[in-house]
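In the numbering used here, the protein residues as written are 465 to 1177. For glycine and all other residues, C-beta sits at the position ideal for the given N, C-alpha and C. Below is one structure, written out as structure tokens; the observations come after it.
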Ligand SMILES: Nc1ncnc2c1ncn2[C@@H]1O[C@H](COP(=O)(O)OP(=O)(O)OP(=O)(O)O)[C@@H](O)[C@H]1O
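Right, dumping it as structure tokens:
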């Protein structure tokens, strides 16, 4: 609590003049408010009883002008304070937001989005509410001190009783304050959990609907609510107890002093005017104590809110410019990974001793199965993380010795799903180079081959792209993202699965654009789709965090039984029509599936005509665990995840499948329930074969039917 007061005081001290004026205004108001009850003594004892008319008029005039001055000064103070208070609060918002910009990717991987948002939504708002009450708090606190001082001037014995009794009022806050603080802090944590749960639930609606998980999530939310209810009632009850016990204290105090005061007045020890002044000061004291107890819960909420805000402000970024960091001069020679070992967690290495060099002006592609470490290469190249061993070097300089801003300003990156901000197309492109002229924006859009489309829109470059770019198609979004990356004329262009989430026709078109754009540039591409890497100068095939093979497409195809060759064979053999709605598969390719491996070519030729093409958007559940199985699926393009129900009723990912992978072969032979659910992670094109067609064909080849049966047993 003291640190909260210290932080608030230091925030005010940054604005010394307005703070000094504010305090002066408060002193004037206090003087008037304390004088008011005291006026009874002067009016009765010095003017009415001795019948001093002139003095009476002077006192009344003083009271009226004092009231007027107090009102005017009060309004000025309100005006001044609202400006000062909101400036201080916006400073906190800014500090927190700036902090978020400085925190590394690793922080965002381990922190819930809802928790961060809740620090803005709940914690800063409780601080805001209390700061706006500060003048009121100061008036109440200093009012208490001023009034007690006046009591001593009036009658010290009686004042002593009041002062001894005052701590009675503080018993409640002392006893219940820590409990209220604790409950308030936990309540805020739970509010953050609820925000996270709601945020996750909204994003996961397609999965929730597809798997019929509504009741499971309602049950989980109920658990949150039970916890929230308990914490909320604990927090409020502690605050009520503080309020109630303080009021009891003031009641006892008032009663005692009024009784004693009346007895003193009866015996002529205290004048009537003093008794009246005394009791009205006591009444205002009770109001002040009530005000302070009303403020206590706000103070407690703000203190626990400030604790959570400070936790975030004190978060130490793991990636920052070292004191010796220098700007990277224009990128000239190349990038080197030297014996790089890196793991996101101590238990698992995601890159295990990577050594390679990418010379300037070349195209390097990283390919490999899901989880092989492709994205991790980019995370280290961008210095989102630092390696635990070895080093990443640009032009021979360790990346840790390069100023981050100068490094990233030379890199343009296109992600798999490029985030567009809710503003115009022009502004989205310009984000790549904030100082770019309109001509440069148009030039970048032309290079990304989206200028004509933009010009066909009624608002052209001023068209609002909608939330996350939702008013544009996936391909258009990606082209805007390409324009955003190249407007800065980056020395290095990074493509992180840049075309993987697109439908086949759009993918082909954007790959063609990229091929034109990437000529003579240093390009680093990460992709699971080998066709996108075919033209690279060097392809690195990653396997479990190591480079398993490297070389050009032709060199890699020559490696006998090489990983690349196998993956290439797996991903090729499909002919996709231009619109992407029809896929032909060759008999040769079918032979690579174990179920067809021993069948003769003419039979496979026959089967190939019975494959249907099916396309699905991202986040669709195409197979539910337990459903009857009647189809064999081959992924022509795209990624799916295989999910199995866990003990808690949720779905656990057991594998990720991509181009050339297949599932459900047993469904060709008999009707067995699906053993897992399949959900698309990107738009996916499948070819599928129905059991009834396959079985019909088998009828014409009885020897194969027998063979298949024997294999399946
Ligand atoms: N933030 C993270 N925290 C912990 N482990 C991670 C994290 N990101 C990736 N990993 C792990 O590191 C390994 C390499 O992951 P990476 O994302 O680089 O693979 P990838 O080849 O890009 O896979 P994909 O093609 O599925 O994106 C995987 O085992 C993955 O589980």
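- By the neighbour-count criterion, in which a residue is buried when 16 or more other Cβ atoms sit within 10 angstroms of its Cβ, residue 1030 is exposed.
- In the three-state scheme derived from DSSP, where H, G and I count as helix and E and B as strand, residue 874 is classed as coil.
- Here the alpha carbons of residue 574 and residue 803 stand approximately 27 Å from one another.
- Approximately 7 Å separates the beta-carbon atoms of residue 623 and residue 612; this is inside 8 Å, confirming the contact.
- Counting every other CB atom within 10 Å of its CB across the protein chains shown gives residue 654 a total of 16 or more, marking it as buried.
- Judged by pairs of C-beta atoms under 8 Å, the region 970-977 does not touch the region 894-901, as fewer than three such pairs exist.
- Considering only 938, 847 and 618, the residue with the shortest C-alpha distance to residue 735 is 618.
- In the three-state scheme derived from DSSP, where H, G and I count as helix and E and B as strand, residue 1084 is classed as coil.
- In the same chain as residue 722, and ignoring 5 residues on each side of it, the C-beta atoms closer than 8 Å to its own belong to 743 and 746, in chain order.
- Membership of residue 653 in any beta strand (DSSP E) is not indicated; the residue belongs instead to the alpha helix (DSSP H) covering 620-667.
- Residue environment for residue 590: buried (at least 16 other C-beta atoms within 10 angstroms of its C-beta).
- Across the structure, residue 1122 and residue 793 are spaced so that their CA atoms are roughly 40 Å apart.
- Around the beta-carbon of residue 737, 16 or more other beta-carbon atoms lie within 10 Å, marking it buried.
- Here the distance from the Cβ of residue 838 to the nearest heavy atom of ligand 1 is below 6 Å.
- Per DSSP, residue 815 is one residue of the beta strand (DSSP E) stretching across 815-823.
- Within the same chain, no residue comes within 8 Å of residue 1160 by CB-CB distance, once the 5 residues on both sides are set aside.
- Residue environment for residue 915: buried (at least 16 other C-beta atoms within 10 angstroms of its C-beta).
- Per DSSP, the continuous alpha helix (DSSP H) segment holding residue 973 begins and ends at 968-982.
- No Cβ-Cβ contact shorter than 7 Å links residue 700 with residue 651.
- In the three-state DSSP reduction, residue 558 falls in the helix class (H, G or I).
- Distance check between residue 656 and each of 772, 1086 and 1149 places 772 closest, using alpha-carbon atoms only.
- By the beta-carbon neighbour count (other beta carbons within 10 angstroms, threshold 16), residue 967 is buried.
- Residue 627 has its alpha-carbon roughly 14 Å from the corresponding atom of residue 607.
- Using a Cβ distance threshold of 7 Å, residue 959 and residue 837 do not count as a contacting pair.
- Under DSSP, the beta-bridge partners assigned to residue 856 are 801.
- In the structure shown, residue 509 falls within a helical segment according to DSSP collapsed to helix, strand and coil.
- The C-beta distance from residue 695 to residue 647 rounds to 6 Å, short enough to fall under 8 Å.
- The three-state reading of DSSP puts residue 782 in coil, since its state is none of H, G, I, E or B.
- For residue 1117, the enclosing beta strand (DSSP E) starts and ends at 1115-1121.
- DSSP places residue 900 in the coil class of the three-state scheme, outside both helix and strand.
- Within the model, the alpha-carbon separation for residue 840 versus residue 814 is close to 7 Å.
- Residue 503 and residue 741 have their C-alpha atoms spaced approximately 7 Å apart.
- In the DSSP assignment, residue 1143 falls within the unbroken beta strand (DSSP E) covering 1141-1144.
- Burial state of residue 922 is exposed, judged by a 10 Å Cβ sphere holding fewer than 16 other Cβ atoms.
- In this structure, the CA atom of residue 1025 is about 11 Å from the CA atom of residue 1013.
- Per DSSP, the unbroken alpha helix (DSSP H) holding residue 775 starts and ends at 736-777.
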